[in-house]
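Q:
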Amino acid sequence: QVYLVESGGGVVQPERSLRLSCAASGFTFSNDAMHWVRQAPGKGLEWVAVIWYDGSDKYYADSVKGRFTISRDNSRNILFLQMNSLRVEDTALYYCARDPSGSGWAFASWGQGTLVTVSS
Amino acid sequence: QSVLTQPPSASGTPGQRVTISCSGSSSNIGNRNVNWYQQVPGTAPKLLIYKNNQRPSGVPDRFSGSKSGTSASLAISGLHSDDEADYYCAAWDESLNGVVFGGGTKVTVL
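In order, the protein sequence lines correspond to chains A and B.
Per this note's numbering, numbering of the first sequence is gapless, rising by one per residue and ending at 401.
Per this note's numbering, numbering of the second sequence is gapless, rising by one per residue and ending at 184.
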């Protein structure tokens, strides 16, 4: 059984930082690309970032480029999202998602999300 | 404004067939696989269709996907009350170097 458990969310002031974590189990973490996807309250899904299975490549949505950094620790099966210079519009439920090799960029498994609220 | 375009809503009575469209461009749907997700309110999204028309294990064959050119469709046949959810299409975009989603379609079972 695949488990993805996000943590690290909370209430933070604009321009501050927050680091999200996603603990993975039930599959070979080091084989799969991993993504962060967010959903603002009452809105649709927005892709945030992807990291290759071995951390060798990363891509970001334009809305977070230069402010967010995705990383992973394959020895501990954990995915991270370092969020700096947070803005009110970054308020959302942040999901981590597993992208198995050969799935065609499909998010086969999702966590339950961690809520980030950016407010003064 | 989403890169992929979906109708905001769709509806049908139990047993009917509902189709949801997803329109994109040559930089995404035209040259890449399309994936579909179902999100019941208050829960995490779930993969419904991958690689245009493949169903993950456990997804009923009432759900089917297709793609033609720069558009894709999700069909739900034999509509059930528990199919009430939001449905999203997604694809990798070669110009943006990222995954793009449709705005989502809310399916209501009348």
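Just so it is clear, CB atoms sit at the ideal spot from N, CA and C, and this is done for glycine as well.
1) Which residue wins for smallest C-alpha separation from residue 282 of chain A, given the options A:289, A:308 and A:342?
2) Looking only at its chain, what residues have a beta carbon closer than 7 Å to the beta carbon of residue 358 of chain A, apart from the 5 residues adjacent to it on each side?
3) Measure from the alpha carbon of residue 347 of chain A to the alpha carbon of each residue in A:364, A:300 and A:395, then state which is nearest.
4) Using a Cβ cut-off of 9 Å, which residues of the segment 165-180 of chain B contact any Cβ in chain A, in chain order?
5) Closer than 9 Å, Cβ to Cβ, to anything on chain A: give me those residues from the segment 112-137 of chain B, in chain order.
6) Based on the DSSP output, what are the partners of residue 106 of chain B in its beta bridges?
7) Apply the 10 Å Cβ neighbour rule to residue 109 of chain B and answer buried if 16 or more other Cβ atoms are within range, or exposed otherwise.
8) Can you tell me whether residue 133 of chain B is helix, strand or coil according to DSSP?
9) Let me know the secondary structure DSSP gives residue 296 of chain A once reduced to three states.
10) Using the beta-carbon count (16 or more within 10 Å), is residue 156 of chain B buried or exposed?
11) Using a Cβ cut-off of 7 Å, pull out every chain A residue sitting near residue 107 of chain B, in sequence order please.
12) Check distances from the C-beta atoms of the segment 335-368 of chain A to those of chain B and list, in chain order, the residues that come in under 8 Å.
13) Roughly how many angstroms lie between the CA atoms of residue 385 of chain A and residue 106 of chain B, to the nearest whole one?
14) Give, in chain order, every unbroken run of the alpha helix (DSSP H) that is at least 4 residues long and sits entirely within the segment 308-382 of chain A.
15) What did DSSP end up calling residue 155 of chain B once you bin it into helix, strand or coil?
16) Rounded to whole angstroms, what's the CA-CA distance from residue 383 of chain A to residue 370 of chain A? Just pull it up for me.
17) Residues in the same chain with beta-carbon distance under 7 Å from residue 152 of chain B, minus the five sequence neighbours each way, listed in chain order, please.
18) Could you check whether the Cβ of residue 162 of chain B sits closer than 7 Å to any Cβ belonging to chain A?
19) Is there a Cβ of chain B sitting closer than 7 Å to that of residue 301 of chain A, yes or no?
20) Along the chain, where does the beta strand (DSSP E) that runs through residue 401 of chain A open and close?
21) Thinking just about the alpha-carbon of each residue, which of B:125, B:181 and B:75 is nearest to the one in residue 165 of chain B?
22) Looking at residue 167 of chain B and residue 178 of chain B, is the spacing between their C-beta atoms short of 7 Å?
23) Does residue 128 of chain B come out as helix, strand or coil in the three-state DSSP assignment?
A: This is what the structure gives:
1) Of the candidates A:289, A:308 and A:342, the one whose C-alpha sits nearest the C-alpha of residue 282 of chain A is A:308.
2) 304, 305, 306 and 310
3) A:364
4) 165, 166, 170, 171, 172, 173, 174, 175, 176, 177 and 178
5) For the segment 112-137 of chain B, which is checked against every Cβ of chain A, the residues closer than 9 Å are 113, 117, 118, 119, 120, 121, 123, 124, 125, 126, 128 and 130.
6) Partner(s): none; residue 106 of chain B has no beta bridge.
7) By the neighbour-count criterion, in which 16 or more other beta carbons inside 10 Å mark a residue as buried, residue 109 of chain B falls on the buried side.
8) coil
9) coil
10) exposed
11) 385 and 386
12) 340, 341, 342 and 343
13) 8 Å
14) Complete alpha helix (DSSP H) runs here, min 4: none at all.
15) helix
16) 33 Å
17) 89 and 136
18) yes
19) no
20) No beta strand (DSSP E) holds residue 401 of chain A; DSSP gives it neither H nor E.
21) The candidate whose alpha carbon is nearest that of residue 165 of chain B is B:125.
22) The Cβ atoms of residue 178 of chain B and residue 167 of chain B do not sit closer than 7 Å to each other.
23) strand
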